[in-house]
Structures are given as structure tokens and as C-alpha cells.
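First comes the structure, then the notes that go with it.
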Amino acid sequence: MSIDPALYRDHVATLAARADAALARGGFDHLLIPAGVEKYYFLDDNPYPFRANPHFLHWVPLTRHAHSWIAYTPGERPLLAYYQPDDYWHLPPDAPEGYWTGEFEIKVIRTPEEAAALLPKGRAAILGEDDAALPGFAPNNPQAVLDHLHYHRAWKTPYELALMRLSQRRAVPGHRAARQAFLDGRSEDAIHRAYLAATAHTDLDLPYGSIVGLNRHGATLHYQHRQTGLPDAHRSLLIDAGAEHAGYATDITRTWTRPGTRFADFVDAVEREELALCDAVRAGTDYRQLHLQAHLRLAGVLQDAGVVRMAPADMVTSGVTATFFPHGLGHLIGLQVHDVGGFQAAATGGSIERPDGHPYLRLTRTLEPGMVVTIEPGLYFIDTLLAKLRAGEHGRHVDWDAVEALRPYGGVRIEDDVVCTDGAPENLTRDAFAEGA
Ligand code: GLY
Ligand code: MN
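Using my numbering, read the sequence shown as starting at 155 and increasing by one per residue.
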């Protein structure tokens, strides 16, 4: 699908209006944004993988353009200093082309330093990392400007939503391939490679390191290894893996198992609650309440599965659900998989606290149309947390034989990316799965 230039024009107009307000608030005349620079391993001449400044990516879909800069002055056409070195060691960027070029005054530069001569002098907010500094242009990252831009980044423009739909479509074939590789009895590493091949990604352009856990590894929330050897059996696969399009992240988790087991029923029950929670992504909903509702729903799953013999509300207030669901319901998503501004109270800053006893929740704002969030409830059998529960006053309410029966499967997490609208939510992930069905 190609991007409509008019959609992009409106997006840039929105960013310009946000920048106008941010600069006025901070008392600045210009907004300068370096894409960033390549950084090197200690005492080495090999660079780390390059990751562009998200403020830069918000304006242009240029993910591999270190040393380029954007300069915006209210009322003027934005300038792009486009770095295209004469380099035969590395492949330089192509000449600028595409739907985005019409909105910029583009100046090609051959050395990083040439950007300095093009950037406007005066009171500038320079948003970037220290390493990107040029003489006379050191990033200052003014808090008032960042607060304004980060707060507003939660609202995606129609252009951004179009890119996020494309990012979802890229991830879905990977999840299908991963499921098949699991059913075929492949290793974690082979499942991961099947995912990469089906999504046409390398490890370096994924928005985050994929989590690919067989069996007990599903109980480690951010399991970071991939075994090349085969386990004794293929009981379950928890795969949390995303995709990227024009810098926009997708974040999807699926848990696969074979039908006909107690764990398969458990996965189905979590999925039913996950879908109900996705449907609750409505304008005016406080995400903290949604997170607490997730605890209550998952408590119902634990009760129905015979794992905990307590009323769901008591399970939540006593903290028992946190043993099985020890992370937040989800987060904002966009240019960063955990997008900025999740706690911000206002464009002028301030934070909205998490509910007591929920230290890992990443989003506390009230949902409004245009926000994109993940919904990712999960239930896990984590040995260290189970040991604490068993030793405490509520351990006697747990059916430890049921825990033992489910423990070999690790855990279950189901995660979709959902847009809040004026009406029913748009589930980007389910829509992408349905398209490819
Ligand atoms: N995809 C990992 C996470 O959201 O924490
Ligand atoms: Mn997530």
C-alpha cells in the first residue's frame, strides 16, 4: 500500500502546530532535530546498530540516516539536511525520494559538519543525544518542549495509523510461521529464524529483541536467549515479537500449544479475557482502571481453572493475582515500542501515579481517540513468586497440584495493539490476522 501524500502533508502540519506550541512554551525560535550518530564499541571500530532519534522519525520515515538534521522555524517550510556521503566502505543512503520529499526544503550534505552551516542560528530547542552535537549546536533537550511533544505523541495522526497498520501486516506472517515451526518441533532459534524470514526482518531492524520461549521459558517475562537445541517436548510456545514499518513498531504476543490439555483451556480462557479488555479500549477509560479490571478478569480465570480457591475480588486485593500476573496490562506504542508519555498528566508535565502495588504498569493516562495501546494480559508460573505465595498467608488457598500440572507450560500472554477511536476500538493486530487468513 502506498502512502497518500495528502495524509503526510496533514501529518507534517500537525507536527508543525505542536512544535509551534512547544517552542512558544519554552521560549525558543527554532526546533532542531539530529537523526543521531553511529556509536562504536569501546576501543573498537565497529558500530552498535544505529537507532534513529524518534523525534526525527516523527517528521520523516528515514530510519537509516545518521547525521541528517531537521530544522523547523514556525511559519517556514521545514529544512532537511540530508546526509549522503561519498563513501565506498559503506553504502550511503539513496538520493531523497518518496511521498515525504514534498514537505521539506532538502539540502544534501556530504560531511556531518556541513549541516551546521545550514541550521538557523538563535534560540533553538535541539532535541537529541549529546553525541549528535555539532559546533554551536549542542542538544539542550528543554524539558518544556519535550513535555509538550511527548504528551501529544500519544495521539497518532491518520498518517501514523496508516503506517502502524502496515507494520502489523508485516508481523503477522511471522507469527503464523512461528506457530508452524513450533508444531513442527523446531528449536527456539529455528522458530525465531522462521519469524525473521516470514517478516523480512533482520534482528537489527526489529523494534525489540524477540522473546521466543518454549515450555518453562514462557515463565520468564523477557526471556532473552534462544536455544539451538531441542527440548524434551514441545508443550508450549510463548512468542512476543514485533515488526517495524517506517520506524513504527508492532508488539504482538501469542501463546501456542496443542489442543486437548488443561493448559490449552487455560490459554483459551486468557484469550477470552484479552479480547474483552481490547473491547474496553474506549475514549474516557482510565487505563489504570483497565489494568485493575484485567487483574479481576484473570482472577476469574485462576478460579475457574481451579488454581486458586478465592473470590476474584479478594484475590486482587490480597495481591495473589500479582503472583501470576506480575506486569502491567500494556503501554502506549508508536515510534517506540514502549512509547513516551505514558504517565504524563498534561502537556506541561507532571505525572499520574500508578495504583499502589502495581509497580510495572507503564500507562496511567485516560484513553482518547487516536491513542494506540497494547493489551497484554498474562498468567505465568514463576517459581520465585510461587515460592513466596506458598510461604505466605494465602498459600493455603492455592491448589498446588493444579499449579504443578500447568507449571511445565511456563505461562501464557496474549497481546494485541489497539487504537482508541470515537466508537468501537480498532484492533490493529486482529485485523491484520483476519486479512491474511
Ligand atoms: N514486547 C515486550 C513488552 O512490551 O514488554
Ligand atoms: Mn508490549
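Cβ atoms here follow ideal geometry from the backbone N, Cα and C, with glycine treated the same way.
Quick caveat: nothing in here was measured; it's all calculated off a predicted structure.
List the whole-angstrom C-beta distance separating residue i from residue j, where the pair is believed to meet the contact cut-off of C-beta under 8 angstroms.
{"i": "residue 402", "j": "residue 300", "result": "Rounded, the Cβ-Cβ distance is 20 angstroms, inconsistent with contact."}
{"i": "residue 594", "j": "residue 307", "result": "Limits of the chain in this structure are 155 at one end and 591 at the other, which puts residue 594 out of reach."}
{"i": "residue 346", "j": "residue 366", "result": "5 angstroms"}
{"i": "residue 184", "j": "residue 274", "result": "5 angstroms"}
{"i": "residue 527", "j": "residue 484", "result": "5 angstroms"}
Return yes when the Cβ of residue j is within less than 8 angstroms of the Cβ of residue i, no when it is not.
{"i": "residue 279", "j": "residue 294", "result": "yes"}
{"i": "residue 315", "j": "residue 399", "result": "no"}
{"i": "residue 520", "j": "residue 577", "result": "no"}
{"i": "residue 240", "j": "residue 218", "result": "no"}
{"i": "residue 487", "j": "residue 570", "result": "no"}
{"i": "residue 224", "j": "residue 234", "result": "yes"}
{"i": "residue 390", "j": "residue 407", "result": "no"}
{"i": "residue 281", "j": "residue 157", "result": "no"}
{"i": "residue 359", "j": "residue 491", "result": "no"}
{"i": "residue 586", "j": "residue 322", "result": "yes"}
{"i": "residue 341", "j": "residue 372", "result": "no"}
{"i": "residue 566", "j": "residue 456", "result": "no"}
{"i": "residue 463", "j": "residue 431", "result": "no"}
{"i": "residue 597", "j": "residue 303", "result": "A query on residue 597 cannot be resolved here, the shown segment of the chain reaching from 155 to 591 and no further."}
{"i": "residue 442", "j": "residue 564", "result": "no"}
{"i": "residue 434", "j": "residue 458", "result": "no"}
{"i": "residue 164", "j": "residue 312", "result": "yes"}
{"i": "residue 136", "j": "residue 343", "result": "What the structure shows of the chain is the stretch from 155 to 591, and residue 136 is not part of that stretch, so it cannot be assessed."}
{"i": "residue 318", "j": "residue 582", "result": "yes"}
{"i": "residue 449", "j": "residue 415", "result": "no"}
{"i": "residue 180", "j": "residue 298", "result": "yes"}
{"i": "residue 331", "j": "residue 348", "result": "yes"}
{"i": "residue 230", "j": "residue 162", "result": "no"}
Span of the alpha helix (DSSP H) holding residue i?
{"i": "residue 471", "result": "466-471"}
{"i": "residue 321", "result": "312-337"}
{"i": "residue 554", "result": "554-560"}
{"i": "residue 302", "result": "297-306"}
{"i": "residue 159", "result": "159-180"}
{"i": "residue 272", "result": "268-272"}
{"i": "residue 589", "result": "582-589"}
{"i": "residue 430", "result": "416-433"}
{"i": "residue 537", "result": "537-545"}
{"i": "residue 578", "result": "Residue 578 -> no alpha helix (DSSP H), and no H or E assigned at all."}
Can you list, in chain order, the residues of its chain with a C-beta nearer than 7 angstroms to that of residue i? Leave out the 5 residues immediately preceding and following it.
{"i": "residue 192", "result": "201, 204 and 220"}
{"i": "residue 460", "result": "553 and 556"}
{"i": "residue 260", "result": "234, 236 and 250"}
{"i": "residue 425", "result": "568"}
{"i": "residue 497", "result": "505, 506 and 518"}
{"i": "residue 473", "result": "511"}
{"i": "residue 396", "result": "325, 360, 361, 362, 403, 404, 405, 406 and 491"}
{"i": "residue 444", "result": "431, 434 and 483"}
{"i": "residue 454", "result": "466"}
To which residues of the same chain is residue i closer than 6 angstroms at the C-beta, ignoring the five residues directly before and after it?
{"i": "residue 418", "result": "411"}
Between which two residues does the beta strand (DSSP E) holding residue i run?
{"i": "residue 462", "result": "Note, residue 462: premise wrong, no beta strand (DSSP E); not H, not E."}
{"i": "residue 566", "result": "565-567"}
{"i": "residue 408", "result": "402-411"}
{"i": "residue 345", "result": "Taken as a continuous stretch (DSSP letters only), residue 345 belongs to no beta strand (DSSP E), being part of the alpha helix (DSSP H) at 342-353."}
{"i": "residue 528", "result": "526-529"}
{"i": "residue 150", "result": "No answer is possible for residue 150: it lies beyond the span of the chain, which begins at 155 and ends at 591."}
Identify, in the order they occur along the chain, each residue of the same chain with its Cβ nearer than 8 angstroms to the Cβ of residue i, setting aside the five sequence neighbours on each side.
{"i": "residue 480", "result": "375, 514, 534, 536 and 539"}
{"i": "residue 276", "result": "183 and 184"}
{"i": "residue 549", "result": "543"}
The ligand GLY: which residues have Cβ under 5 angstroms from any of its heavy atoms, chain order? 394 and 405
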